[in-house]
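**Student:** Chains as they are written, first to last, in the numbering used here: chain A, -18 to 96; chain B, 7 to 120.
Each residue gets a CB set at the ideal place from its N, CA and C atoms; glycine is no exception.
Below is one structure. I have some questions about it.
Structure follows, in structure tokens:
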């Protein structure tokens, strides 16, 4: 199994450009998440989708939008990229049946540089 | 609200020896879960071990074990017989039983010396 996959692996954007980060999981998980990781910090939750058809804001949602396209796919969109959004972005998924006790499984990350 | 504090930005250990990484947390949840994740240079986040707060017994996973002190809100990770492949950034995290949000500490960079 591939687990959680993310594309692209690396992207350079200019300020004001838009892009979509793609995430897919093949574990039949209900819940999916987007995190960002900045230097010297742990991961911070941007948005999550508890189940297909629902999305909710996390800790740092400003400047981002998400789409839960289907059960497998959860995309993150930057409409107008800013240098402050330079970061490493991680997608994760979990079974979504029992809340806190679940283990989240992470993708390999997307490194985004906004100039 | 949840917070996680890792007071050791960096640690080093000799190969085959034992090292303990510290983590303290705070949460308003009565039911919560604790995790240690490993992030090697590849940047992939890999689950090392997890602990249910309602369980008194400390979790173990091969060479990895935790010392969970609920009253002190402490959740340290012990790595025995350290191997070169253990070198990575280690993150402590917590999640409430009623929500989906994982809260991470800032991480501890572990170096394993041959």
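Please list, in chain order, the chain B residues whose beta carbon lies closer than 8 Å to that of residue 29/A.
**Tutor:** Chain B residues near residue 29/A: 106 and 107.
**Student:** Within the chosen definition, does the region 44 to 52 of chain A reach the region 8 to 22 of chain B through at least 3 CB pairs nearer than 8 Å?
**Tutor:** no
**Student:** Flag this pair as yes or no: are the beta carbons of residue 99/B and residue 115/B separated by less than 9 Å?
**Tutor:** no
**Student:** Note down, in chain order, all residues in the region 52 to 81 of chain B with a beta-carbon under 7 Å from any beta-carbon belonging to chain A.
**Tutor:** 53, 56 and 58
**Student:** Straight-line CA distance for residue 81/B to residue 11/A?
**Tutor:** 29 Å
**Student:** Just the chain B side, please: which residues come within less than 9 Å of residue 99/A by C-beta, in chain order?
**Tutor:** In the structure as shown, chain A begins at -18 and stops at 96. Residue 99/A is therefore absent and cannot be evaluated.
**Student:** Using a C-beta to C-beta distance shorter than 7 Å, which residues of chain B count as neighbours of residue 39/A?
**Tutor:** 107
**Student:** Using the C-alpha atoms, what's the distance from residue 23/A back to residue 87/B?
**Tutor:** 26 Å
**Student:** In the DSSP assignment, the beta strand (DSSP E) including residue -7/A goes from what residue to what residue?
**Tutor:** -9 to -6
**Student:** For the region -10 to 19 of chain A, list every residue whose C-beta sits within 9 Å of some C-beta in chain B, in sequence order.
**Tutor:** 12, 14, 16 and 18
**Student:** Below 8 Å, can you find three or more Cβ-Cβ pairs linking the region 13 to 20 of chain A to the region 60 to 77 of chain A?
**Tutor:** yes
**Student:** Measuring only the C-alpha atoms, how far is residue 58/B from residue 119/B?
**Tutor:** 32 Å
**Student:** Going by Cα to Cα distance, which pick from 91/B, 62/B and 30/B is closest to residue 44/B?
**Tutor:** 91/B
**Student:** Taking 9 Å as the cut-off, decide whether the C-beta atoms of residue 11/B and residue 111/B are in contact.
**Tutor:** Here residue 11/B is near residue 111/B, since their CB atoms are less than 9 Å apart.
**Student:** Who are the neighbours of residue 57/A on chain B, taking C-beta pairs under 8 Å?
**Tutor:** Here the premise fails: no neighbours, minimum Cβ distance about 16 Å.
**Student:** Against chain B, with Cβ distances strictly below 9 Å, would residue 49/A count as a contact?
**Tutor:** no
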